[in-house]
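> Mind having a look at this structure? Questions to follow.
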Amino acid sequence: MKKVLVLANHFITIYAFRRELIEKLLDSGYKVTLALPYSDDVSYFSDMGCEIIDTPLERRKTNPLNDLKLLFQYLRIIKNVKPDVLLTYTIKPNTYGGLAARICRAKAIHTVTGLGSVYIQDMWQKKIAAFLNKIAFKNSEAIFFLNDDNKEFYKRIGIIDSVQRTFMVPGSGVNLEKFKYQELELNNDITFTLVGRVLKDKGIEEFLSAAKRIKTKYPNTHFEVVGFVDEEKYVQMLNDYEKEGIIHYLGKRNDIPEIMSKSTCIVLPSYGEGRGTVLQEGAAIGRPLITCDIYGCRDNVEENKNGYLCKVADEESLVKCLDKFINISSDEKLLMGRYSRKKAEKEFDRNIVLNAYLNEIEKITDKKE
Numbered sequence: 234m235k236k237v238l239v240l241a242n243h244f245i246t247i248y249a250f251r252r253e254l255i256e257k258l259l260d261s262g263y264k265v266t267l268a269l270p271y272s273d274d275v276s277y278f279s280d281m282g283c284e285i286i287d288t289p290l291e292r293r294k295t296n297p298l299n300d301l302k303l304l305f306q307y308l309r310i311i312k313n314v315k316p317d318v319l320l321t322y323t324i325k326p327n328t329y330g331g332l333a334a335r336i337c338r339a340k341a342i343h344t345v346t347g348l349g350s351v352y353i354q355d356m357w358q359k360k361i362a363a364f365l366n367k368i369a370f371k372n373s374e375a376i377f378f379l380n381d382d383n384k385e386f387y388k389r390i391g392i393i394d395s396v397q398r399t400f401m402v403p404g405s406g407v408n409l410e411k412f413k414y415q416e417l418e419l420n421n422d423i424t425f426t427l428v429g430r431v432l433k434d435k436g437i438e439e440f441l442s443a444a445k446r447i448k449t450k451y452p453n454t455h456f457e458v459v460g461f462v463d464e465e466k467y468v469q470m471l472n473d474y475e476k477e478g479i480i481h482y483l484g485k486r487n488d489i490p491e492i493m494s495k496s497t498c499i500v501l502p503s504y505g506e507g508r509g510t511v512l513q514e515g516a517a518i519g520r521p522l523i524t525c526d527i528y529g530c531r532d533n534v535e536e537n538k539n540g541y542l543c544k545v546a547d548e549e550s551l552v553k554c555l556d557k558f559i560n561i562s563s564d565e566k567l568l569m570g571r572y573s574r575k576k577a578e579k580e581f582d583r584n585i586v587l588n589a590y591l592n593e594i595e596k597i598t599d600k601k602e
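This is the structure in structure tokens:
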């Protein structure tokens with residue numbers, strides 16, 4: 234039986250963005266092993282037929298000792314599993330999983346889901362990260378990028394070169410059957426919805442501040458926040474804003490298509506994304522989008538056609554976009570929603586992504602036979 238080993242940093246990243254690829258691999262007869270930090274949720278994948286290996290890691294902190302420990306964990310896992318193909322996602326699995334793959338001579342496919350905070354640290358940390366990634370990616374079979382900005386950045390700082398096989402995919406794509414088009418039902422009330430982990434880099438502070446200003450000016454507007462709190466300091470902040478009647482916090486939810494279908498506009502004032510899956514899902518439902526003019530976000534929006542772009546970490550710019558959307562006609566809002574769906578069908582279909590990965594995995598495993 235052909236074996237695929239997947240290295241990930243959290244259950245939710247695999248569940249939300251790679252679940253269907255794993256299902257396809259299992260259906261195709263592959264044995265799939267997931268190495269990720271254990272949580273109660275991972276039983277979802279063991280019930281599907283995956284082997285689970287608990288692999289603790291610190292997602293947001295850089296600690297040389299713990300990172301070295303992670304490298305040795307990956308070395309041990311790769312030697313024990315002996316995968317035909319190794320798939321890695323996110324910064325630490327890419328870096329330390331890639332290094333382990335080189336040492337073990339495992340065939341690896343890496344996916345750059347974003348730059349992470351490491352490349353906005355001081356110069357020495359940035360240089361060390363680039364050096365490690367260059368070694369990790371050197372002999373990889375393929376590297377998938379979700380946006381052109383990230384790929385060009387990796388080229389510019391010397392992590393990859395023109396010889397390496399790279400592919401561009403629209404993130405994890407969207408299941409267009411699950412996120413079906415639903416025409417906007419317009420009335421006097423307008424609902425702006427932010428879906429995503431509650432943390433600073435998703436623009437939660439700008440969203441809350443902008444919501445307060447807009448709601449004062451337009452009492453018929455509503456603001457929703459959907460997602461689990463990834464930075465504890467925002468628990469009290471969300472409670473305070475909800476008590477004031479500014480937002481409605483829905484928490485972590487599994488009915489995202491239904492929530493989006495009741496929204497008027499999807500807002501994600503993120504400081505940068507891999508490709509902004511939430512925005513693509515909103516587009517598939519047929520909702521206008523407001524997001525930041527930065528890598529991974531702007532790829533999903535055509536200005537004035539299916540939404541607006543605001544400046545990064547700029548409350549005033551976000552307020553202007555929200556205000557502009559409120560004041561366009563109902564017909565213009567409907568046209569934006571329809572354009573979003575057309576864009577999703579043309580560019581964001583998950584089958585595009587699944588086929589790209591399956592083709593590369595099959596090429597590697599076929600060579601081994």
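Mapped onto the numbering used here, the consecutive letters of the sequence shown carry residue numbers 234 to 602.
Backbone N, C-alpha and C define an ideal beta-carbon position, used for all residues, glycine too.
By alpha-carbon positions, which one of Tyr307, Gly484, Gln513 and Arg430 ends up nearest to Asp463?
Per the Cα distances, Arg430.
> From Leu319 to Ala443, what distance separates their C-alpha atoms?
One C-alpha to the other measures close to 43 Å.
> What first and last residue would you give for the beta strand (DSSP E) that runs through Phe581?
From DSSP, Phe581 is part of no beta strand (DSSP E); its letter is neither H nor E.
> Starting from the Cα of Leu267, find the closest Cα among Asp422, Tyr322 and Gly570 and give me that residue.
The shortest Cα separation from Leu267 among Asp422, Tyr322 and Gly570 belongs to Tyr322.
> What is the DSSP secondary structure of Ala375, reduced to helix, strand or coil?
Strand.
> Quick check on this structure: which residue in Pro326, Ala334 and Ile361 has the alpha carbon closest to the alpha carbon of Thr344?
Per the Cα distances, Pro326.
> Using C-beta distances below 6 Å, list every residue in its chain close to Gly347, excluding the 5 sequence neighbours before and after it, in chain order.
Contacts found: Gly507.
> Looking at the structure shown, is Val396 part of a helix, part of a strand, or coil, going by DSSP?
DSSP places Val396 in coil when its eight states are reduced to three.
> Give me the Cβ distance between Leu379 and Gly406, rounded to the nearest whole Å; I'm assuming they're in contact under 8 Å.
The Cβ separation is near 10 Å, so there is no contact.
> With DSSP collapsed to three states, give me the class of Gly331.
Gly331: helix per DSSP, three-state reduction.
> Is Phe412 helix, strand or coil by DSSP?
Coil, per DSSP.
> With DSSP collapsed to three states, give me the class of Ala516.
Helix at Ala516.
> Which whole-angstrom value describes the C-beta separation of Leu240 and Tyr590, a residue pair presumed to lie in contact below a C-beta threshold of 8 Å?
The pair is not a contact, with the Cβ atoms about 15 Å apart (cut-off 8 Å).
> Residue ranges of each alpha helix (DSSP H) run of no fewer than 4 residues wholly in the region 512-567, ordered along the chain?
If we require 4 residues or more, the alpha helix (DSSP H) runs fully inside the region 512-567 come out as 548-560.
> Going straight from the alpha carbon of Phe278 to that of Val500, what length do you get?
C-alpha separation (whole angstroms): 31 Å.
> DSSP on Glu498, reduced to helix/strand/coil?
For clarity, residue 498 is Cys in the given sequence; the question names Glu instead. Reduced to three states, the DSSP call for Cys498 is strand.
> Given this structure, state the Cα-to-Cα distance separating Lys294 from Leu303, to the nearest angstrom.
Each residue's alpha carbon lies about 13 Å from the other.
> With respect to the alpha helix (DSSP H) encompassing Tyr467, which residues constitute its N-terminal and C-terminal limits?
Element bounds for Tyr467: Tyr467 to Lys476.
> Distance, Cα to Cα, Glu607 vs His243?
The structure shown does not extend to residue 607, since the chain is modelled only from 234 to 602, so the question has no answer here.
> Take the Cβ of Gln513 as the centre, count every other Cβ of all protein chains shown within 10 Å, and call the residue buried at 16 or more, exposed below.
It is buried - the Cβ of Gln513 has at least 16 other Cβ atoms within 10 Å.
> Can you tell me which of the three DSSP states Ile247 falls into?
Helix, per DSSP.
> Any contact of the region 410-426 with the region 513-527, i.e. 3+ C-beta pairs under 8 Å?
Touching, yes, given that three or more Cβ pairs across the two stretches are closer than 8 Å.
> To the nearest whole angstrom, what separates the beta carbons of Lys485 and Phe461, a pair I think is in contact under 8 Å?
Right, their Cβ atoms sit about 4 Å apart.
> Looking only at C-alpha atoms, which of Arg574, Arg583, Val534 and Lys235 sits nearest to Lys340?
Ranking the options by Cα distance to Lys340, first place goes to Lys235.
> Considering only residues of the same chain and omitting the five flanking positions on each side of Tyr474, which have a CB-CB separation below 7 Å?
Contacts found: Leu441 and Ile480.
> So is Glu593 buried or exposed if we call it buried at 16+ other beta carbons inside 10 Å?
Under this definition Glu593 is a buried residue.
> Rounded to a whole number of angstroms, what is the C-alpha to C-alpha distance between Pro289 and Tyr271?
For Pro289 and Tyr271, the distance between alpha carbons rounds to 7 Å.
> Can you give me the C-alpha to C-alpha distance between Ala249 and Ala577, rounded to a whole angstrom?
Approximately 18 Å between the Cα atoms of the pair.
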